[in-house]
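Engineer: Residue numbers (UniProt numbering): 1 to 494.
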Amino acid sequence: MQLDTTELSATDDLHHPEAAIAEAQQLAAACFGAEETCFLVGGSTSGNLALLLGVCDPGDIIIVQRNVHKSVINGLKLAGARAVFIMPQIDERTGIATLPSLASVSQALAQYPEAKAVFVTNPNYYGMSTRLGPYADFIHAEGKMLLVDEAHGAHYGFHPLLPESAVGAGADGVVQSTHKTLTALTMGAMLHMQGERLPRAAVRQALATVQSSSPSFPIMASLDISRAMIERHREGWFEPGIQAAAVFRNWLAERNPKWLATLHPEDRSSAYDQLDPLRVLITDTTGNHSGFELQRLLEEQGCWAEMADPRYVVLVFGIQTTMQDVERLIKACEIIEARIVNFAVTTPIMPEAQPKLLPERDANSALVMSSHPIVQGDLKSLQTEIEVQTEVQAKDQTENQATEDQPDNLASVQAVTEPISFARTNSIARVKLAEAAGRCSAEMVVPYPPGIPVLYAGERITEASIRQISHLAKHGAKFQGASDPSMQTIEVQE
């Protein structure tokens, strides 16, 4: 608590750093490979907000990955900018949404060459990441900026088994949650900047706007300590956690419990390049327990997961996770297994013959996939969702524009939305969620974690999003931003 001070002549000022804080940020920039680093005391949220406020003028267009954190949507709203959403790729084995393809980015920039930047999230909450070097090269060749929410990848690039960082790949602005995967206190994060494209002065001014004028010195000190620990121990600092995760995966491979499946860093997918070796994704393949229920069973045994969704549990192995921690996790899985095998399984979601983590697409099964394609889903449901949105957009255009202003080929814009603004409306009504299809949402509905909006304010509500929200609520998900926590009703625009 001795560090909990204020701006004194001996402690410096985060909003005008000249001494200790300036030196700490310079050391962090050198450690993480950036030209300039700013400490964040409001988490990655403050970094995302500042990037967008610094880059965007009102009315500007930003190409945005649809499955972004809610802070990105809020940043666009505050900046008065418009988003052109591009759809993520879907990993066929798990149904999890990842980074949009480079072809989608190219298509979006071709349709909207006036866009100022491309904003993506990499890695996702599940530890799936894509090499960003080709994205940076292409986007820079188009004269645009690449902005990256790398909240879950602050540790990237510091060990041969870890993916390359977005800074190393050449992104212009990168936000990292140092508190998530390194050792900073909660809300401790960093914003890394490089290159001449990013208006750094404007971003710094935006940071002074969105961050407290009385920033936490303990949080800033913890950021400096995280940097110092990396420089002192280098690769060795990450070895215990990586080895612990490998031991657990090896136990799964050798024991081969029939009820439990996971991914391995060696696995390959067309939707991502690498898996974070410190994250382990598990699922009950018998279909008897949702991810939320499996998370609860683990907690009953003293094992706390990072997050869960209707299908999966994400385990994060910390930098200093011990073998004793792994032994406790294995023991917990054995206890859970003894409980699970006592169930009479009639319709497993993953038949033993199928080398997948996904359920079979059986229309007659109560366990058929019903996840919203923005968060989880299969390629077919994603395509259906895009087509529905495109048909609605086309209808609106027909009513409001001359024919010559419409796209020549709807199929060519199915993966890219039109520019969307987030202007607030005061004409709001409350309706039952089950009856809301076709209406425009007046609120942002965010299952947390992972914090990715299923709906943003102004988005057309579809049957798919209604099913997803109902499915999440049924399984105990918590929602941020929703006026009705039970999700029985929703506010819509009149």
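The C-beta atom is built at its ideal place from N, Cα and C for all residues, glycine as well. The model shown is predicted, which means the values in this text are computed figures rather than measured ones.
Any chance the segment 223-238 sits against the segment 301-312, with 3 or more Cβ pairs inside 8 Å?
Structural biologist: Because the criterion of three Cβ pairs below 8 Å is not met, the segment 223-238 and the segment 301-312 do not touch.
Engineer: Can you name the residues that DSSP bridges to Cys38?
Structural biologist: DSSP lists Leu191 as partners of Cys38.
Engineer: In the structure shown, what three-state DSSP assignment does Ile63 receive?
Structural biologist: Residue state, collapsed to three classes: strand.
Engineer: Have a look at Leu185 and Ser46 and give me their C-alpha separation to the nearest angstrom.
Structural biologist: Spanning the two alpha carbons is a distance of roughly 15 Å.
Engineer: Which of the three DSSP states is assigned to Gly168 in this structure?
Structural biologist: In the structure shown, Gly168 sits in a helix (DSSP, three-state: H, G or I).
Engineer: For Ile469, which residues in the same chain have their Cβ closer than 7 Å to its Cβ, ignoring the five residues on either side in sequence?
Structural biologist: These residues qualify, in order along the chain: Leu433, Val445, Val454, Met487.
Engineer: Report back the beta-carbon spacing between Tyr126 and Ile96 to the nearest angstrom; my notes put them in contact at under 8 Å.
Structural biologist: Their Cβ separation, rounded to whole angstroms, is 5 Å, which keeps Tyr126 and Ile96 in contact under 8 Å.
Engineer: Tell me the DSSP secondary structure of Arg439 in three-state form.
Structural biologist: DSSP places Arg439 in coil when its eight states are reduced to three.
Engineer: Express the C-alpha separation of Gly481 and Glu327 in angstroms, rounding to a whole number.
Structural biologist: Computed Cα separation, rounded: 39 Å.
Engineer: For the alpha helix (DSSP H) holding Leu455, just list the boundary residues, first then last.
Structural biologist: Per DSSP, Leu455 belongs to no alpha helix (DSSP H) and is neither H nor E.
Engineer: For my contact list, Leu8 and Leu147 are in at a C-beta cut-off of 8 Å; report their separation, rounded to the angstrom.
Structural biologist: No, Leu8 and Leu147 are not in contact; Cβ-Cβ is about 34 Å, not under 8 Å.
Engineer: Exposed or buried, which one is Asn250 when buried takes at least 16 other CB atoms within 10 Å?
Structural biologist: Asn250 should be labelled exposed.
Engineer: For Glu114, which residues of its own chain have a beta-carbon under 7 Å away from its beta-carbon, when the five flanking residues on both sides are left out?
Structural biologist: Within the same chain, Glu114 has close Cβ partners Ile61.
Engineer: Quick check: what's the CA-CA separation for Lys474 versus Leu297?
Structural biologist: Approximately 18 Å, taken between the alpha carbons.
Engineer: Since Lys77 is in the beta strand (DSSP E), which residue starts that stretch and which ends it?
Structural biologist: Taken as a continuous stretch (DSSP letters only), Lys77 belongs to no beta strand (DSSP E), being part of the alpha helix (DSSP H) at 70-79.
Engineer: Taking only runs that begin and end inside the segment 106-167, name each unbroken alpha helix (DSSP H) of 4 or more residues, in chain order.
Structural biologist: Segments of the alpha helix (DSSP H) lying fully in the segment 106-167: 133-141.
Engineer: What does DSSP give as the partner residue(s) for Gln274 in the beta ladder?
Structural biologist: DSSP output for Gln274 lists Ser129 as bridge partner(s).
Engineer: How long is the line joining the alpha carbons of Gln211 and Cys440, rounded to whole angstroms?
Structural biologist: Straight-line Cα distance between these residues: approximately 32 Å.
Engineer: Going by CA-CA distance only, name the one from Leu49, Thr94, Ala110 that's closest to Glu418.
Structural biologist: Of the candidates Leu49, Thr94, Ala110, the one whose C-alpha sits nearest the C-alpha of Glu418 is Ala110.
Engineer: Between the Cα of Ser177 and those of Gly42, Arg268, Glu491, Met87, spot the shortest distance and give me the residue it belongs to.
Structural biologist: The shortest C-alpha separation from Ser177 is found at Gly42.
Engineer: In this structure, does DSSP put Glu299 in helix, strand or coil?
Structural biologist: Three-state DSSP puts Glu299 in a helix.
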